[in-house]
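Residue numbers (the numbering used here), protein chains in the order written: chain A, 22 to 312; chain B, 6 to 274. Notes follow the structure.
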Amino acid sequence: MKTVVITGATSGIGLETVRLLTEEGFHVLGIGRSAMNCKRAKEHISSHNPNARIVFFQADLMQQRDVLRVAEDIMAYLDEKSGGQLHALINNAGCVRSWYMTTEEGYEQQFALNHLAGFLLTHKLLPALQKARGRVIMTGSASHKGIKIRWDDVMLRRRYNPLTAYKQSKLCNILFAKGLNDRFAHSGIRAYVVDPGLVKTDIGNKETGSLVNLIWSLRKRAGVPPEIPAKTYAFLCRQEPAPEGLYYRHCKEKKYSGQVTRENADRLFALSERLCGLCDDTARQERTKAV
Amino acid sequence: MNVFITGAAGGLGRALANECGSRGYNMFLTDINEAGLFRIKQGLERQFNVTVTTKACDLTNPHSVDKMLAVLDTHGIRFDMVLNVAGCDFEGGFLERDREKLVKIVLLNNAATLRITHALLKRRRQGRPFSIVFVSSLASMFPMPLKATYAASKRFLLEFATALRQELRKDDVNVLTLCPAGMVTTEETLCGIKAQGFWGNVTTAPLEDVARRTIDCALAGKGVYTPGLMSRLLSFLGKFVPRSFVAAVVYRRWHHAQRKWMRADIIRS
Ligand SMILES: NC(=O)c1ccc[n+]([C@@H]2O[C@H](COP(=O)([O-])OP(=O)(O)OC[C@H]3O[C@@H](n4cnc5c(N)ncnc54)[C@H](OP(=O)(O)O)[C@@H]3O)[C@@H](O)[C@H]2O)c1
């Protein structure tokens with residue numbers, strides 16, 4: 022049985038993807054930020070499918086110490102239950118903020134959760150992914166188009182705009198996927214980005230101010246149910262041999278921004294390594310040994 | 006530039022530390038939260054090419070402060086700026102609050118701030134201008150029923166700073182008082198601002214702007230910085246309205262907002 026790890030598994034697109042993947046027979050490890058939501062999600066999945074193989078891990082992925090802790094727990098679990106192999110990692114947890122708010126490290130929250138958390142988690146689970154010649158899937162968005170990375174101020178401390186921060190974090194997702202392919206495709210790992218389209222979830226209603234809340238409440242009415250994008254994740258997990266594209270919507274390859282260049286991907290990779298503290302020598306040695 | 010920041014692991018402290026980091030300033034950070042200090046130090050060093058030193062300290066405990074000062078003295082660290090950010094408040098009316106917690110507001114916001122300011126003035130870098138920043142609040146401009154102790158403690162800072170500013174001018178020291186209304190620093194502050202409805206929204210100032218302008222104002226030798234047009238207007242109007250009337254209006258507004266806030270708190274926990 023193939024194992025899949027998915028973040029943001031307790032609501033919206035993530036929860037629906039968990040349901041579909043367990044139905045297709047995958048063993049799913051979900052990560053959720055609160056124990057209560059993890060419990061509720063587990064009950065939801067089990068009520069649909071009593072035979073579902075699903076385990077939840079709790080972690081606030083905004084905080085790097087929690088990412089590191091949960092990565093260790095998951096590696097131990099994989100060693101015990103699936104011969105240390107991970108078939109797919111889905112970096113889906115995401116948030117929207119109305120204001121510039123920071124994590125414990127002082128990093129802007131949308132950048133920290135939507136991009137850095139997935140970056141760090143992927144690095145920590147890399148040995149298990151390499152063993153299984155696995156896949157890494159990011160939840161991106163069409164909103165990554167028409168924007169550039171603000172290299173001189175990635176956390177947008179000058180003139181913070183919530184939408185710019187969100188769009189930029191989604192461009193980071195696809196640059197990271199490209200960076201992973203450039204580095205690890207030869208060892209069998211493939212990385213993808215799913216564009217879920219506009220989906221009816223509560224993402225813009227959580228921890229946001231009145232204006233963002235209102236706009237999202239109106240906008241999401243036009244969205245599709247999360248069952249629709251869930252199919253694309255299941256497709257990318259299931260397909261053999263692994264698909265060769267980078268950016269998918271409705272199970273089909275789509276065009277992405279011209280900003281997705283090797284140069285930008287390398288630049289973001291180096292910056293993210295530094296911000297995640299992966300730059301010290303031992304971490305680097307470990308990674309090259311694994312490759 | 007060497008900057009000393011208290012309350013550096015909290016929302017405003019982190020934003021100010023980021024601002025200083027982006028300007029290339031070296032920092033000495035303190036907070037009661039040792040793990041938080043370690044994380045912000047890591048974050049700053051990974052983002053900026055600066056030296057960050059930290060020491061956890063309970064500023065309300067003189068022994069703890071002495072130990073921290075000993076660290077400064079062993080390494081001979083001297084400063085050009087001190088940002089007094091550490092402060093606290095506990096929601097609820099005077100009688101609903103725990104007695105010791107009430108006293109703690111004054112111990113931290115006032116007594117500890119005096120202790121640090123005095124100690125840091127004695128450790129300023131010679132031959133250079135020195136800046137002191139006090140973090141007061143828009144609440145310092147009005148009598149604030151249901152937040153009486155907090156508002157009075159912030160008023161103390163404002164009054165003290167105005168006088169000290171005059172006293173130390175000859176020594177090339179600038180004293181700036183920051184008087185913000187709401188700022189979204191945590192999930193709790195966000196709930197608090199939402200509970201205040203319209204007034205919460207219009208007086209909320211963007212954290213990153215406040216951080217940048219605070220340092221700008223300190224360097225430009227300003228005395229008081231109240232972020233946001235609406236807050237400036239409120240503080241201006243407040244000067245012409247009888248204080249007892251202000252107290253009555255504030256009471257009505259906070260009574261309503263605090264009930265809403267507390268309810269949200271119960272639902273969250
Ligand atoms: N909805 C759309 O139209 C749309 C369009 C394009 C892209 N996306 C992307 O789709 C992804 C999923 O969003 P969604 O629309 O399904 O919204 P959602 O229902 O709010 O899902 C977000 C998930 O992330 C989790 N999460 C939030 N903060 C977290 C933290 N600090 N640590 C760990 N987990 C955390 C949430 O946990 P809780 O359940 O506890 O809140 C939830 O499970 C996001 O990356 C989003 O950017 C959405």
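Every residue, glycine too, gets a C-beta built ideally from N, C-alpha and C.
Identification of chain B residues near Tyr-187/A by a Cβ-Cβ cut-off of 9 Å yields none; the smallest Cβ-Cβ distance measures about 16 Å. A Cβ-Cβ separation of about 26 Å leaves His-271/A out of contact with Thr-282/A under the 8 Å criterion. Sorting Asn-135/A, Ser-293/A, Ile-66/A and Ala-109/A by C-alpha distance to the C-alpha of Arg-118/A places Asn-135/A at the top. Excluding residues up to 5 positions away in sequence, Ala-73 lie with their Cβ nearer than 7 Å to the Cβ of Ser-67/A in the same chain. Among the residues facing chain A, Arg-218/B is not included, as its CB has no counterpart in that chain under 8 Å away. Taking the CA atoms as reference points, Ala-225/B sits about 41 Å from Phe-140/A.
At a cut-off of 8 Å between beta-carbon atoms, Arg-28/B makes no contact with chain A. Here DSSP, grouped into helix, strand and coil, assigns Gln-151/A to helix.
For Ser-231/A, the chain B residues whose C-beta falls within less than 8 Å of its own C-beta are Lys-199 and Asn-206, listed in chain order. Leu-49/B belongs to the set of residues whose beta carbon lies under 8 Å from a beta carbon in chain A. Runs of the beta strand (DSSP E) lying entirely within the segment 106-133 of chain A and spanning at least 3 residues, in chain order: 109-112. Thr-58/B has Phe-33/B as its beta-bridge partners, per DSSP.
The residue among Asn-206/B, Val-111/B, Leu-64/B and Met-86/B with its C-alpha nearest the C-alpha of Phe-33/B is Met-86/B. In this structure, Thr-24/A lies near His-108/A, with their beta-carbon atoms less than 8 Å apart.
Phe-140/A sits in a helix when the DSSP states are folded into three classes. Using a cutoff of 7 Å, the CB of Met-83/A counts as near ligand 1, since one of the ligand's heavy atoms is closer than that. Among the residues facing chain B, Tyr-181/A is included, as its CB has a counterpart in that chain under 8 Å away.
Scanning chain B for C-beta atoms nearer than 9 Å to the C-beta of Tyr-269/A yields nothing, as the closest lies near 33 Å away. By the beta-carbon neighbour count (other beta carbons within 10 angstroms, threshold 16), Ala-253/B is exposed. Residues of chain B with a Cβ closer than 7 Å to the Cβ of Trp-120/A are, in chain order, Val-189, Pro-211 and Leu-212. Contact residues of the segment 32-44 of chain B toward chain A are Gly-41 and Arg-44 (C-beta to C-beta distance below 7 Å). Assigned with DSSP and collapsed to three states, Asn-89/B falls in strand.
The DSSP assignment places no complete beta strand (DSSP E) segment of no fewer than 3 residues inside the segment 208-265 of chain B.
Taking a beta-carbon distance threshold of 8 Å, Glu-193/B does not count as an interface residue toward chain A. Against Arg-258/B, chain A offers no close residue; the least beta-carbon distance is about 17 Å (beta-carbon pairs closer than 7 Å). Taking the Cα positions, Lys-244/B is about 19 Å away from Lys-152/B. Between the alpha carbons of Gly-197/B and Leu-267/A lies a distance of about 43 Å. Close to Asn-54/B, with beta-carbon spacing below 7 Å, lies no residue of chain A; the smallest spacing is near 11 Å. Of all residues in the segment 277-305 of chain A, those with a C-beta nearer than 9 Å to a C-beta of chain B are Arg-295, Leu-296, Cys-297, Gly-298 and Cys-300, reading in chain order. In this structure, the straight-line span from the alpha carbon of Gly-205/B to that of Ser-208/A is close to 54 Å.
Contacts with chain A at 8 Å (Cβ-Cβ) do not include Gly-12/B. Across the set Ala-251/A, Ile-236/A and Gly-279/A, the C-alpha of Ala-251/A shows the shortest separation from the C-alpha of Glu-45/A. DSSP places Gly-51/A in the uninterrupted beta strand (DSSP E) bounded by 48-53. Gly-279/A has its alpha-carbon roughly 23 Å from the corresponding atom of Asn-113/A.
With fewer than three CB-CB distances shorter than 8 Å, the segment 210-219 of chain B does not count as touching the segment 160-175 of chain B. By the Cβ rule, the segment 151-161 of chain A counts as touching the segment 198-218 of chain A, because three or more pairs are nearer than 8 Å.
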